[in-house]
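Below: one structure, written as structure tokens.
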Amino acid sequence: MAMFNSTKKDRVRLHLYLVNLIGVIVPQRLRSDWRQEWEAELRYRESLLADWTNLNWRTKLDLLRRSLGAFWDALWLQQLRWEDDMIKDLRFGVRMLFKEPGFTAVAVLTLALGVGANTAIFSVVNAVLLQSLPYPRANELVAIYNTEGGNSRWPFSPPAYLNLKNRNTVFTDVAALSNKGWPANLTKLGEPERLQGYQVSANLFSILGISPEQGRVFFNEEDRAGAEHVVVLSHELWQRRFGGDPQLIGQSLTLNGDSFTVVGVMPADFRFFTKTDLWVPLAFTAQDEIDPAGYLELIARGKPGVSLETVRAELDTISRQFSNQPDSAAHASASPPQELLTKGLGQPLLLLVIAVGFVLLIACANLANLLLARGNVRRRELAIRAAMGASRLRVARQLLAESVMLAFVGGAAGLFLANFGIKFIASGLPEYLAEANSHVAMLRIDATALGFTVALSVLTSILFGLAPALQLSKVNLNEALKEGGRAAGSRSKLRSMFVVSEVALAMLLLVGGGLIVKSFWRLTQVNLGFEPEGVLTARIDPSGDRYKEFAQVTAFYQQLLERVSAIPGVTQAGLINSLTASFTYSIDEHPPLPPDQERYAQINQVNGDYFKAMRIPLREGRFFNDRDVKGAQPVVIIDEALAQRDFPGEDPIGKHITCKVSRAAPNMSYQIIGIVGGAKYWTLSHEPFPHMYYSYLQDNWWSMSLRVRTLSGDPMKVAAPIRAELAAIDQNQPIHSFKPLEATVSGLVAAQRFTTLLMAGFAALSALLAAIGVYGVMAYTVTQRTREIGLRMALGAQASDVLKAMMKHGIKLIVAGITLGLGASFALTRFIRELLFGVEPTDPAILVTITLILLVVALAACFIPARRATRVDPISALRVE
Amino acid sequence: MSPKAYISFSAAVIMQALANGYQYGFDIMDITGLPSGTVYPALRRLEETGLVDSKWEKATIAQREQRPPRKYYELTPDGKDALTEAVNRYRLLESRMPHPSKARPSREQG
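For the record, the sequence lines run as chains Z and G. So for the first sequence, numbering that gives the first Met the number 0 puts the first residue at 0; every next one is plus one. So for the second sequence, numbering that gives the first Met the number 0 puts the first residue at 0; every next one is plus one.
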């Protein structure tokens, strides 16, 4: 272009100078093109305007103004510069990742484990705790219960419910569900099937705000006594039993011998209370309306803008007025249903969230270390970049781009892992959660979880990428190019810091995991008071015309027990009613207690062999026998807990207990004939609640549960013979829920087992990651010091000296980490005290064991590279550079 | 390219100018009255979306006139379609600028 400039070289042309200047910011790729176009335009313009010298200032100014337009043009091209550099960075990043597949694989796997575990746990926490229940405006819903404060909660009686429903001013409406359940035997339609039904007030569905998928829900007048029999089915039952036939609406089904018209089907994602096949209206007879027994679970929708405090205050007033006991501690209260549902889960889940967070931190520290180590190897490359004019920012950006790429690949792999993890975790969640909350039932990785993963990946890439990027971009050209790669002091300090914190975090997690595991082990060692091994359970709910009278039902059970006991392999056949209820009672021989000191006991009806089948020991007196029937002296067997509470220092046998349990005989007095050992039916972590047993021949509520002790092996083997024996008595009575008692017992600790498994897993993972971290640092140190080691050995150092020197460095890091971790454990484990059973947060055995385990693992990780150092050949080591 | 790409009024004016035979940035600035800071970025954007094509002037012509070769722009078939559409939208467009044959003699092209 020289010839163009040659013509009027002497003149300074401001506008051309300006274009040259502005051209600096145009991306290099486009610069010459851009400048040529502008110069050509401006020169042509100039020629049109005649010679520069002859121009007046006005035209000159105009030309200058127009030249300034080049600035906007150049600015517009800036985005291309970003694109260019970014693509260059990313392309280079991909090349680097492929160049070292070993490094990439380790990094991606580490990240995938960290991100995957976090995503899975987040999804669970989101579904269980964060998302509101799947009902419209779920925040307005409250569950209402009676309480004495603390954790006590019991349901409402029909008169208390009706009183509350009519008198409150804070709810739009109050619905009730009978927790007795409404087991429905579906007959006259192929094989008889026993379905789980619930009686609900007609307004339940409208309060929840859920419309049916097919047909309608109940009309308000349908929950009156004497109304036509109608039923609403669950989606699952409709699909499974009726093939999703829309013609089913309006047809009738035979349930418990009566005809019911199907009016609607609920949507597939509708869940309420517990697993339910069908709902029928809850109709109160005149007798029900004065029944003091509490069996109604209430849910209500608060009026918009009414606070929970207002609701509670009003419930308190109404319930005290109704019970006419203003001084009693008992009163009605309300809580958001989700809070009740997830009670006791918040803490374990929070613990898991923190634990996975730690795992991710350890993973990040590991990666930062890996990147630093690799960065040291790349010092020459980075120095050359700097020498060629790359700014520190530019180098840091390049390094960060690589980290971001790693994070995204790791995040994608983590999402893949989370997909499996989530299924595993979901299977470990307590069943009642999924049965009451469709978010939990249909747990999957949704948009929220996806967003969480992406955010987490970005965050981790910054966490593990930033420190190395800042460190490595600080290139001292002279040093780096001269030496060709020896670690700078500050960098190895940073790496040591990472390792120490990794070991400390792993220590903390291991201690936490160890405590939880020990606590769970303690829980499983608890003496239940009965022996679940080899016991089969099954439920029977006799219904229909043949079982209207008490005598018919007892005759049926007597016959069944006889036949089941005769099955080969069966030693005893026990029977217990399926619903355990708590009642107040008084002891005839004792002075009456004031109403606020009333005592409760749990009551079950059983047969005499029940205790033998369960191996609950008899302490005193006798078991029930065939003569303890209706009409004979009513008798009761109490457990040790009740004996200790009510008869300290006296013999309970022969004393009398009165309790308002039976509607037919409200004030019957029962003579105590025996004392048995206490049994932990509901919870392992608390002492058994005082319990008493009635003879089922004197009092029973139709639905009973078998407890069949078998000789050996799998108790499920006798399920088929039992079914056959039942069919021989009555073809139309389904028997259901066959289950080994051991499975029920292990279900009691399902939540703890879930937490324990995950905590142990995370702790092991953290130890593994920390070991990898220690190994990485040691291996790197050995490589860096190869020359020095060679020199020492050439001067006569023994292999053992070298090993000692190498190990010394590693041990220093490990001991520092463990000490820090121990300190943190002392400070932090007390926060999980409430989750522990039979273990102190500072359990010395755990602390010592964990310290030893981590020490051994870390030392092994340290030893392998250290031993490699002893194999250095002095000659080749000295030749390295 | 997608014919649905949004064409701003100034872009439409520039395209109309190109359609009328003004092919250089400065010509377009002169005839449309738009500032250079609008015209050049707009031309680059149009080029990127495929509505406008550009060519460098033949070096011989530039040499003869003793100046660097200039870039000259023209509408692509897509650009012509898009302009038709834009003209329907912006009714005053065509009347806004004179046709080069009437305004001044057309120049030699490479």
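We treat Cβ as the ideally placed atom computed from N, Cα and C, and that holds for glycine. Model, not experiment: these values are computed from the prediction.
Against chain Z, with Cβ distances strictly below 8 angstroms, would residue i count as a contact?
i: leucine 17(G); result: no
i: tyrosine 5(G); result: no
i: serine 9(G); result: no
i: tyrosine 89(G); result: no
i: valine 12(G); result: no
i: glycine 36(G); result: yes
So with CB distances below 7 angstroms, who are the chain G contacts of residue i?
i: tyrosine 43(Z); result: Phe25, Arg66 and Arg69
i: glutamate 40(Z); result: Tyr23, Gly24, Phe25 and Arg69
i: glycine 196(Z); result: Ordered by position in chain G, no residue passes the 7 angstroms Cβ test against glycine 196(Z), which lies about 58 angstroms from the chain.
Can you give the beta carbon distance from residue i to residue j, rounded, assuming they're within the 8 angstroms contact cut?
i: proline 531(Z); j: glutamate 686(Z); result: In fact, because the Cβ distance is near 19 angstroms, the residues do not count as touching under 8 angstroms.
i: alanine 417(Z); j: threonine 118(Z); result: 4 angstroms
i: leucine 140(Z); j: alanine 354(Z); result: No, leucine 140(Z) and alanine 354(Z) are not in contact; Cβ-Cβ is about 32 angstroms, not under 8 angstroms.
i: proline 182(Z); j: glutamine 195(Z); result: 7 angstroms
i: serine 332(Z); j: threonine 146(Z); result: 5 angstroms
i: isoleucine 656(Z); j: arginine 618(Z); result: That pair is no contact at about 17 angstroms.
i: leucine 683(Z); j: leucine 522(Z); result: 5 angstroms
i: leucine 203(Z); j: leucine 176(Z); result: 7 angstroms
i: leucine 112(Z); j: alanine 454(Z); result: Contact flag wrong, Cβ pair sits at about 18 angstroms.
i: alanine 142(Z); j: leucine 442(Z); result: Actually they do not touch by this definition, with Cβ atoms about 23 angstroms apart.
i: tyrosine 294(Z); j: asparagine 178(Z); result: 5 angstroms
For residue i, count neighbouring Cβ atoms within 10 angstroms of its own Cβ and tell me buried if that reaches 16, exposed if not.
i: leucine 62(Z); result: buried
i: valine 552(Z); result: buried
i: leucine 794(Z); result: exposed
i: tyrosine 695(Z); result: buried
i: methionine 792(Z); result: buried
i: glycine 225(Z); result: exposed
i: valine 279(Z); result: buried
i: asparagine 365(Z); result: buried
i: arginine 103(G); result: Reliability fails at arginine 103(G), whose pLDDT of 43 lies under 50, so the model's placement of it is uncertain and the value that follows must be treated cautiously. It is exposed - the Cβ of arginine 103(G) has fewer than 16 other Cβ atoms within 10 Å.
i: histidine 690(Z); result: buried
i: leucine 398(Z); result: buried
i: isoleucine 845(Z); result: buried
i: asparagine 375(Z); result: buried
i: serine 426(Z); result: exposed
i: isoleucine 874(Z); result: exposed
i: asparagine 55(Z); result: exposed
i: tryptophan 681(Z); result: exposed
Quick one: is residue i near chain G, going by C-beta distance under 8 angstroms?
i: aspartate 72(Z); result: yes
i: tryptophan 75(Z); result: yes
i: glutamine 35(Z); result: yes
i: glycine 816(Z); result: no
i: arginine 65(Z); result: yes
i: serine 31(Z); result: no
i: serine 46(Z); result: yes
i: glycine 68(Z); result: yes
Tell me which residues share the same chain as residue i and place their Cβ nearer than 7 angstroms to its Cβ, disregarding the 5 neighbours each side in the sequence.
i: alanine 312(Z); result: none
i: arginine 393(Z); result: none
i: leucine 827(Z); result: Leu507
i: glutamine 751(Z); result: Phe519 and Leu522
Which residues in chain G sit within 8 angstroms of residue i, going by Cβ to Cβ distance?
i: glutamate 22(Z); result: Here residue 22(Z) is glycine; the residue named in the question, glutamate, does not match the sequence. Result: empty, since nearest Cβ-Cβ is about 13 angstroms, beyond 8 angstroms.
i: arginine 12(Z); result: Neighbours of arginine 12(Z) on chain G: none; closest Cβ ~13 angstroms, over 8 angstroms.
i: serine 456(Z); result: Under the 8 angstroms cutoff, chain G gives no residues; its nearest Cβ is about 32 angstroms from serine 456(Z).
i: serine 437(Z); result: Within chain G, no residue comes near serine 437(Z); the closest Cβ sits about 42 angstroms away, beyond 8 angstroms.
Give the interface partners of residue i over in chain Z, defined as CB-CB distance under 8 angstroms, in chain order.
i: arginine 43(G); result: Asp72, Trp75 and Leu76
i: proline 76(G); result: Under the 8 angstroms cutoff, chain Z gives no residues; its nearest Cβ is about 24 angstroms from proline 76(G).
Strictly below 9 angstroms CB to CB, what residues from chain G border residue i?
i: arginine 57(Z); result: The premise fails here: arginine 57(Z) is roughly 16 angstroms from chain G at the closest Cβ pair, so nothing lies under 9 angstroms.
Less than 8 angstroms between C-beta atoms, sequence neighbours within five positions excluded: which residues of the same chain meet that for residue i?
i: proline 34(G); result: Met28
i: aspartate 26(G); result: Ala16
If the cut is a Cβ gap below 7 angstroms, which residues of chain Z does residue i touch?
i: tyrosine 72(G); result: Within 7 angstroms Cβ-Cβ: nothing; tyrosine 72(G) doesn't reach chain Z, min ~10 angstroms.
Below 6 angstroms CB to CB, which residues in the same chain sit around residue i once its five sequence neighbours on both sides are set aside?
i: glycine 512(Z); result: Met758, Ala759 and Ala762
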